[in-house]
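Asker: Numbering (this note's numbering), first residue to last: 346 to 611.
Got a structure for you, questions after.
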């Protein structure tokens, strides 16, 4: 089973290498690219516009997430800045106290007075060495905090710049989409006008055909009228005459019309 599995892996790797480094792979990639581009071309522009609007709207939640991160960075910078200011103030006080002890130790007095209390020179000397060491450690910590503060401020500045960039890009993308929508409306209106032009052309053809039929009909009427005017007698002479009616029949009809009564036949 393991042997078959290993053979399968080798076969898959060989096919992948074949597709990657041979013409077959090139053909496959080209075909896939064409299919993808063809699919994109078949998607309606209106659908793409709606999709892009959704993508742009999604930038707002992303922006809000980054806002919370930036707010946390701002709070961290503010807190660290306060620590730096407090450390500086404490160092100033320590420096003042150390300067006084150093000046006192430079002298030859065996008893030294601080805040109304007397201390021996040895005890002041020991305190001076301890406070001096603590002062140098605090100075080192202050330097580290100042470096960290500068770094955090730089990170905060970059984060704000990213937020501004996202906001500006979101506004710019909205304007671009609006511009595309306006252009699309213009194109659709022009397409509608073009369709109306085609309909008007067809209507014009129908009207022209009707006028031609009217002209042909009028021509035939005129022709018939002229034939009757110029060749009417010839036509009657060539036609078979009806049989003559008896005179008595014609006389009876005439008397009937005059008297309105029936003529008795004698």
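Just so it is clear, CB atoms sit at the ideal spot from N, CA and C, and this is done for glycine as well.
(1) Per DSSP, which residues does residue 459 bridge with? Please list them.
(2) Quick test of the definition: if touching needs 3 or more C-beta pairs under 8 Å, does the region 522–537 touch the region 391–402?
(3) My guess is that residue 490 and residue 432 are in contact by the Cβ rule of under 8 Å, so how many angstroms apart are they, rounded?
(4) For residue 473 versus residue 440, is the C-beta distance shorter than 8 Å?
(5) For residue 406, does the three-state DSSP call read helix, strand or coil?
(6) Would you report the Cα separation of residue 557 and residue 547, rounded to the nearest angstrom?
(7) Expressed to the nearest angstrom, what Euclidean distance is found between the alpha-carbon atoms of residue 536 and residue 552?
(8) Near residue 456, which residues of its chain fall below 8 Å by C-beta distance, leaving aside the five closest residues on each side in sequence?
(9) Go through its chain and collect everything with a Cβ distance to residue 411's Cβ below 8 Å, but skip five positions before and after it.
(10) Out of 449, 496, 560 and 485, state which residue places its alpha-carbon closest to the alpha-carbon of residue 468.
(11) Going straight from the alpha carbon of residue 607 to that of residue 594, what length do you get?
(12) I'd like to check one pair, residue 501 with residue 426: are the Cβ atoms closer than 8 Å?
(13) Would you grab the beta carbon distance between residue 515 and residue 404 for me? Rounded to a whole angstrom, and I think it's under 8 Å.
Answerer: On the basis of the supplied data:
(1) The count along the chain shown starts at 1 and reaches residue 459 at position 114. According to DSSP, which records beta bridges pairwise, residue 459 is partnered with 462.
(2) yes
(3) As a first step, residue 490 is located in the chain shown; it is residue number 145 there, counting from the start. As a first step, residue 432 is located in the chain shown; it is residue number 87 there, counting from the start. Indeed, because the Cβ distance is near 7 Å, the residues count as touching under 8 Å.
(4) By one-based count along the chain shown, residue 473 stands at place 128. By one-based count along the chain shown, residue 440 stands at place 95. Taking 8 Å as the Cβ cut-off, residue 473 and residue 440 do not qualify as a contacting pair.
(5) Residue numbering aside, residue 406 sits at position 61 when the chain shown is read from its first letter. Three-state result, residue 406: helix.
(6) As a first step, residue 557 is located in the chain shown; it is residue number 212 there, counting from the start. As a first step, residue 547 is located in the chain shown; it is residue number 202 there, counting from the start. Their Cα atoms are separated by approximately 15 Å.
(7) Taking the first residue of the chain shown as 1, we reach residue 536 at position 191. Taking the first residue of the chain shown as 1, we reach residue 552 at position 207. Answer to the nearest angstrom: the Cα atoms are 25 Å apart.
(8) In the chain shown, counting from the first residue as 1, residue 456 sits at position 111. So the qualifying residues of the chain are 463, 464, 465 and 466.
(9) Counting from one through the chain shown, the residue named residue 411 turns up at place 66. 504, 507, 508 and 511, listed in sequence order.
(10) The residue you call residue 468 lines up with position 123 of the chain shown. Of the candidates 449, 496, 560 and 485, the one whose C-alpha sits nearest the C-alpha of residue 468 is 449.
(11) Translated into the one-based positions of the chain shown, residue 607 becomes position 262. Translated into the one-based positions of the chain shown, residue 594 becomes position 249. Because the pLDDT of residue 607 is 47, which lies under 50, any placement of that residue in the model is unreliable, and the number read from its coordinates should be weighed accordingly. Computed Cα separation, rounded: 13 Å.
(12) For the purposes of this step, residue 426 is taken as the residue at position 81 of the chain shown. For the purposes of this step, residue 501 is taken as the residue at position 156 of the chain shown. No, the Cβ-Cβ distance between residue 426 and residue 501 is not below 8 Å.
(13) Stepping through the chain shown from its first residue, residue 515 is reached at position 170. Stepping through the chain shown from its first residue, residue 404 is reached at position 59. Indeed they touch by this definition, with Cβ atoms about 5 Å apart.
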